[in-house]
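>
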Amino acid sequence: MQWATLAAAALFAQNVAAQGSMLRFACSQLVVERTDPLVNPGMKYTPHLHQIVGGNSFNVTMDPNNDPAKLSTCTSCSFVQDKSNYWTAVMFFKAKNGTYTRVPQVGNGGPQGKLINKGGLDVYYIPSGKTTAFKKGFRMLAGSATNTDPKKVSSGNICHRCWTSPNENTFVGAQPCSGSDTVEIPADTKCKMIRQTIIFPACWDGTNLDSPNHQTHVAYGQGAGASGGGACPSTHPVKLPQVMYELMWNVTSFADKSIWPSDGSNPFVYSMNIGGAAAHGDYVFGWEGDSLQKAMDNNCNLNTACPKAGLTTQTDAQYSACTKAQQAPEEVNGWLKEMPLGEMSIKA
Ligand SMILES: *[C@@H]1O[C@H](CO)[C@@H](O)[C@H](O)[C@H]1NC(C)=O
Ligand SMILES: *[C@@H]1O[C@H](CO)[C@@H](O)[C@H](O)[C@H]1NC(C)=O
Ligand SMILES: *[C@@H]1O[C@H](CO)[C@@H](O)[C@H](O)[C@H]1NC(C)=O
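Read in order, the letters of the sequence shown correspond to residues 1 to 348 in UniProt numbering.
(1) Under 5 Å, CB to any heavy atom of ligand 3. Which residues pass, going along the chain?
(2) What does the Cβ neighbour count give for T61, buried or exposed, with the cut at 16 atoms within 10 Å?
(3) Does DSSP put residue 349 in a helix, a strand or coil?
(4) CB-CB under 8 Å to N15, same chain, minus the five flanking residues each way: which ones, in chain order?
(5) Leaving out five residues on either side along the sequence, give the residues of the same chain with a beta carbon under 6 Å from the beta carbon of P201.
(6) Which word fits G289, buried or exposed, when buried means at least 16 other C-beta atoms lie within 10 angstroms of its C-beta?
(7) List the DSSP bridge partners of H217.
(8) With DSSP run on the structure shown, which of helix, strand or coil describes H254?
(9) At the level of alpha carbons, what is the spacing between N97 and L341?
(10) Who are the near neighbours of G119 in its chain, counting only those whose CB is closer than 7 Å to its CB and skipping five residues on each side?
(11) Quick check on DSSP: helix, strand or coil for M22?
(12) How many Å lie between N303 and T323 at the Cα?
(13) Cutting at 8 Å between CB atoms, please list the residues of its own chain near N213, excluding the five before and the five after it.
(14) Can you confirm whether the stretch 62-73 touches the stretch 259-269 when touching is taken to mean that 3 or more C-beta pairs between the two stretches lie within less than 8 Å?
(15) In whole angstroms, give me the CA-to-CA distance for N59 and T235.
(16) Tell me, to the nearest whole angstrom, how far the beta carbon of L247 is from that of T88; I am working on the premise that it is less than 8 Å.
(17) Taking the alpha carbon of T132 as the point to measure from, which residue in L336, A295, A317 and T313 has its own alpha carbon closest?
(18) In or out: A26 buried (at least 16 other Cβ within 10 Å) or exposed?
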């Protein structure tokens, strides 16, 4: 993430964080599989495929009374103390011949430093003002996996950007989820990458660690985009760190329009077989003890070690080595005859 102009940078600094610092780090893929301990606990072969990153205590069922920080023996994210799990749908490219393949993922770049991912996503925790870290057992969901109406989604919270520069390091545009960013997935051969941003609500009711739809215990504040969330409503007065996922889908190898579907449909779809309106992200908190609160209080910044909060980092080789076997085994690589939905996927 890089701000296009000094004015935007100043505005960001003003909006975000009295402290002006935020956590920004890479997480490699732990596993790609059809499980979802938040929405479909206990189920193998859930309705759609996810890519999951974070602590290796991730499981088909995750009892909120268990502490991922204690159960995990490694994390695929760069801070050793972060055993949280983060997951999203995966993006597929649908070819003219009817087969599907997963769009490769890379880390984000920019002046704040290149993030190195083996698949996976980049995570941000953006504080603003007095910020209360999540408690053990906290979880939440942003977006809706069944939504097909882009008007029901705010492009200030969940958005896509056509990344026209040749690589992830040359920045395109302004703040995430601003300007011409869209709810829909861009379908344009000029895009080298598609950057997906998922910004979670940053206001909490102060009581519930979860809610039946995993959403009503949290709310968006008045701020748009990656502003730290802005003022909270009276119903959800507690300001949380603003969690943001950033995914760089590398579409460079799909730029040949002759392999796009002949019916003119968008070749890029999420694993629900729906477009950007159904983009969603899941979060299960799992930082060790009060390390996240300390990180917020001590202005820990980006992906660097932060002794004041006890945060230590791993090399990309170390965090990328933290993986899990699929618990719902099926083929998810290569060209697939079907998207792994109801049926198990079959390799073409
Ligand atoms: C996942 O849960 C199953 C039982 O539901 C258990 O046997 C297994 O050890 C758990 N795996 C991990 C990594 O926690
Ligand atoms: C389908 O199209 C893709 C993209 O052109 C190609 O890589 C793949 O080999 C094709 N598969 C079959 C079974 O024709
Ligand atoms: C994106 O994909 C292209 C085409 O496959 C490849 O050459 C390039 O190295 C990829 N970019 C990254 C950052 O992996």
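Backbone N, C-alpha and C define an ideal beta-carbon position, used for all residues, glycine too.
The structure says:
(1) V106, N250, T252 and S253
(2) exposed
(3) With the chain running from 1 to 348 in the structure shown, residue 349 is simply not present.
(4) Because the pLDDT at N15 is just 39, under 50, the model does not fix this residue reliably, and the value given afterwards should be weighed accordingly. If we look at N15 and ignore the five residues flanking it on each side, its Cβ neighbours are S128, G223, S227, G228 and G230.
(5) V218, A219 and Y220
(6) exposed
(7) Answer is none; H217 lacks a bridge partner.
(8) The question names His, yet the displayed sequence has Phe at residue 254. Note: F254 maps to helix in three-state DSSP.
(9) 19 Å
(10) S28, Q29, Q51 and Q105
(11) coil
(12) 20 Å
(13) L141
(14) no
(15) 32 Å
(16) 7 Å
(17) A295
(18) buried
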